[in-house]
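Trainee:
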Amino acid sequence: MRIVAQSSSKLAMKHLPIAHWWQGGLLLTLGFVGIIYGIFYTPVSASLKCDRPSPSQINCELRRFYVLRNMEKLRIFDPQQANVITTTGSKGYKKHKVVIVGAIKEFEFLPSSSSYRNNQQVASQINNFIYSQQQSLFLSQHQWYDYSFFVFMIIALVGFGIFLVTTPIVDCTFYKSLNKVIIERKSLHTRQIIEYPLVNISRIDIQEKRVRYGKVYRPVLILISLEQVPIHKDYTNEKNSQNSIYSIRSFLAQG
Numbered sequence: 043m044r045i046v047a048q049s050s051s052k053l054a055m056k057h058l059p060i061a062h063w064w065q066g067g068l069l070l071t072l073g074f075v076g077i078i079y080g081i082f083y084t085p086v087s088a089s090l091k092c093d094r095p096s097p098s099q100i101n102c103e104l105r106r107f108y109v110l111r112n113m114e115k116l117r118i119f120d121p122q123q124a125n126v127i128t129t130t131g132s133k134g135y136k137k138h139k140v141v142i143v144g145a146i147k148e149f150e151f152l153p154s155s156s157s158y159r160n161n162q163q164v165a166s167q168i169n170n171f172i173y174s175q176q177q178s179l180f181l182s183q184h185q186w187y188d189y190s191f192f193v194f195m196i197i198a199l200v201g202f203g204i205f206l207v208t209t210p211i212v213d214c215t216f217y218k219s220l221n222k223v224i225i226e227r228k229s230l231h232t233r234q235i236i237e238y239p240l241v242n243i244s245r246i247d248i249q250e251k252r253v254r255y256g257k258v259y260r261p262v263l264i265l266i267s268l269e270q271v272p273i274h275k276d277y278t279n280e281k282n283s284q285n286s287i288y289s290i291r292s293f294l295a296q297g
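My numbering numbers the first residue of the sequence shown as 43 and each following residue consecutively.
Below, the structure written as structure tokens:
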């Protein structure tokens with residue numbers, strides 16, 4: 043918090059939650075990038091059609107379908123085999139995808155998904171066709187479950203980003219002449235004003251919270267009823283909180 047006005051009878055302080063605004067803006071940016079990627083660049087289903095014009099020749103057409111983008115067609119000549127590729131994330135979460143090995147390059151059937159069984163079935167059908175004398179093959183696969191989960195995560199990301207960017211500005215003003223403190227919280231669409239008589243304030247203290255990388259702090263009013271009233275709801279570093287408390291205590295201690 044920073045002091046915006048001070049006299050012998052008035053102390054006005056303002057808190058701008060800049061860190062929350064930056065974090066929220068970053069999350070919104072990531073969310074909108076995710077929406078664009080999910081709509082235009084992530085296929086939700088695919089189909090594979092293969093024909094065998096001669097015993098030694100196989101021609102396939104892979105079609106990928108997107109939410110808003112036009113269907114994508116890929117020609118695969120003389121596929122050699124289909125493999126299930128498994129990747130493991132940092133937390134042990136495994137994802138699987140089918141890769142078709144062509145005569146010249148490899149083709150990803152669909153992006154990685156959580157179902158090994160479904161991908162194994164697709165790979166087995168393709169390999170059975172390649173190593174047999176079947177004349178044709180048609181199969182399809184969709185990823186609506188994984189895609190729905192992806193959409194849910196993006197919505198949650200955007201929602202949390204909106205929550206952060208709407209973190210309110212806080213104006214806290216102590217009036218000795220009026221014998222009260224007024225805390226005003228203003229966001230884009232709300233305004234909240236609370237006030238307490240100065241005689242109801244037992245002390246000004248600091249409230250801490252442990253997070254992954256250490257501790258964060260915020261100044262609070264301790265009322266004689268033992269209720270703790272945070273001046274601003276978000277947490278900052280210890281130095282800023284201590285400076286705010288020192289300024290308030292010094293003002294209230296002046297005769």
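We put the beta carbon where it would ideally sit given N, CA and C, even for glycine.
1. What does a CB cutoff of less than 6 Å around Arg-106 pick up in its chain, not counting 5 residues either side in sequence?
2. When the Cα atoms are used, what is the spatial distance from Lys-5 to Ser-244?
3. What residue ranges within the region 108-189 form continuous alpha helix (DSSP H) runs of no fewer than 4 residues, ordered along the chain?
4. Starting from Arg-44, follow the alpha helix (DSSP H) in both directions and report where the run begins and ends.
5. Quick check on DSSP: helix, strand or coil for Tyr-255?
6. In the DSSP assignment, find the beta strand (DSSP E) that holds Ile-266 and state where it starts and stops.
7. Specify the secondary structure class of Asn-242 as computed by DSSP and reduced to three states.
8. Using the beta-carbon count (16 or more within 10 Å), is Asn-161 buried or exposed?
9. Check whether the region 120-130 and the region 140-153 touch, using three or more Cβ-Cβ pairs below 8 Å as the test.
10. Please state if the CB of Ile-290 and the CB of Ile-246 are separated by a distance shorter than 8 Å.
11. Rounded to whole angstroms, how far is the Cβ of Gln-185 from the Cβ of Ser-229, which I believe are closer than 8 Å?
12. Do Gly-66 and Gly-301 come within 8 Å of each other at the CB atom, strictly closer than that value?
13. Going by C-alpha to C-alpha distance, which of Val-262, Thr-208 and Thr-215 sits closest to Ser-51?
14. Identify whether Gln-296 lies in helix, strand or coil by the three-state DSSP scheme.
15. Using CA coordinates, which residue listed in Ile-78, Lys-222 and Asn-101 is at the minimum distance from Val-109?
16. How should Ile-197 be labelled, buried or exposed, when 16 other C-beta atoms within 10 angstroms of its C-beta is the threshold for buried?
17. What did DSSP end up calling Thr-71 once you bin it into helix, strand or coil?
18. Leaving out five residues before and five after Ile-287 in sequence, what residues of the same chain have Cβ atoms less than 8 Å from its Cβ?
19. Taking all protein chains shown into account, do 16 or more other C-beta atoms lie within 10 angstroms of the C-beta of Val-223, making it buried, or fewer, making it exposed?
Mentor: In short:
1. Pro-85, Ala-88 and Glu-114
2. Residue 5 is absent from the model: the chain starts at 43 and stops at 297.
3. 158-172
4. No alpha helix (DSSP H) contains Arg-44, which is instead part of the beta strand (DSSP E) from 44-48.
5. coil
6. Run containing Ile-266: none; DSSP gives neither H nor E here.
7. helix
8. buried
9. yes
10. yes
11. Contact flag wrong, Cβ pair sits at about 38 Å.
12. There is no way to answer for residue 301, as the model of the chain reaches only from 43 to 297.
13. Thr-215
14. coil
15. Ile-78
16. exposed
17. helix
18. Ile-246, Asp-247, Ile-248 and Pro-261
19. buried
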